[in-house]
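Asks: Numbering that gives the first Met the number 0 numbers the first residue of the sequence shown as 0 and each following residue consecutively. Heads up, the beta-carbon is just placed ideally off N, CA and C, and yes, glycines get one too.
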Amino acid sequence: MAFMDWNDNLSVNIKEIDEQHKKLLAMINELFDAMKTGKGKEVTGKTLTGLIEYVGTHFANEERLMEKHNYPGFIAHKGEHTKLTQQAKDIHHQFLQGKPVLNVELMNFLKSWLQNHILGTDKKYSPFLNGKGVS
Ligand code: FE2
Ligand code: FE2
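(1) Which residues in the same chain have their Cβ closer than 7 Å to the Cβ of Met3, if we skip the five residues on either side of it in sequence?
(2) Leaving aside the five residues before and after Met106 along the sequence, list all residues of the same chain whose C-beta is less than 6 Å from its C-beta, in chain order.
(3) Within 10 angstroms of the Cβ of Glu56, are there 16 or more other Cβ atoms? Answer buried if so, exposed if not.
(4) Cβ of Asn12 within 7 Å of Cβ of Asn129?
(5) Using a strict less-than 6 Å threshold between each residue's beta carbon and the heavy atoms of ligand 2, what residues do you get?
(6) Measuring straight from C-alpha to C-alpha, what distance separates Phe58 and His80?
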């Protein structure tokens, strides 16, 4: 069973963004598997690095889209991305220092981190961007 499942409630009604969110979910699941099956630090580290990189790509994509259409909530949304990125970097830093951060708490943190951001922040741009013809 996957650690995190996609459900339509997470959809922001924009195909490109939904695909990116699905990929993020898949990467979190991959990290969970690497951890669960006791993969070495190297594999787990690479998976975590890949996840953080992709988060950066995704955030940049969303920001470009919001800015392009003059979304009124852009600045606040971008601020939240910056905060989340910092949290992810802190975790990565701890991991690189050999601290035992890859555990259930970390996974639950990533899960709620992504879920809460999609449900609480991303979904707010849907009506606006859909109204601009983005879907
Ligand atoms: Fe976002
Ligand atoms: Fe997002």
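Replies: Quick look at the numbers:
(1) The count along the sequence shown starts at 1 and reaches residue 3 at position 4. So the qualifying residues of the chain are Leu24, Ile27, Asn28, Lys110.
(2) Along the sequence shown, read from residue 1 onward, the residue named residue 106 stands at position 107. Same-chain partners within the cutoff: Phe31.
(3) Counting from 1 along the sequence shown, the entry for residue 56 is found at position 57. In the sequence under discussion, the amino acid at residue 56 is Thr, which differs from the Glu named in the question. Result: exposed.
(4) Locating residue 12 in the sequence shown gives position 13, counting from the first residue. Locating residue 129 in the sequence shown gives position 130, counting from the first residue. A contact, by the Cβ cut-off of 7 Å.
(5) Those residues are His20, His57, Glu61, Ile117, Asp121, given in chain order.
(6) Taking the first residue of the sequence shown as 1, we reach residue 58 at position 59. Taking the first residue of the sequence shown as 1, we reach residue 80 at position 81. Straight across, the Cα-Cα distance linking Phe58 with His80 is about 7 Å.
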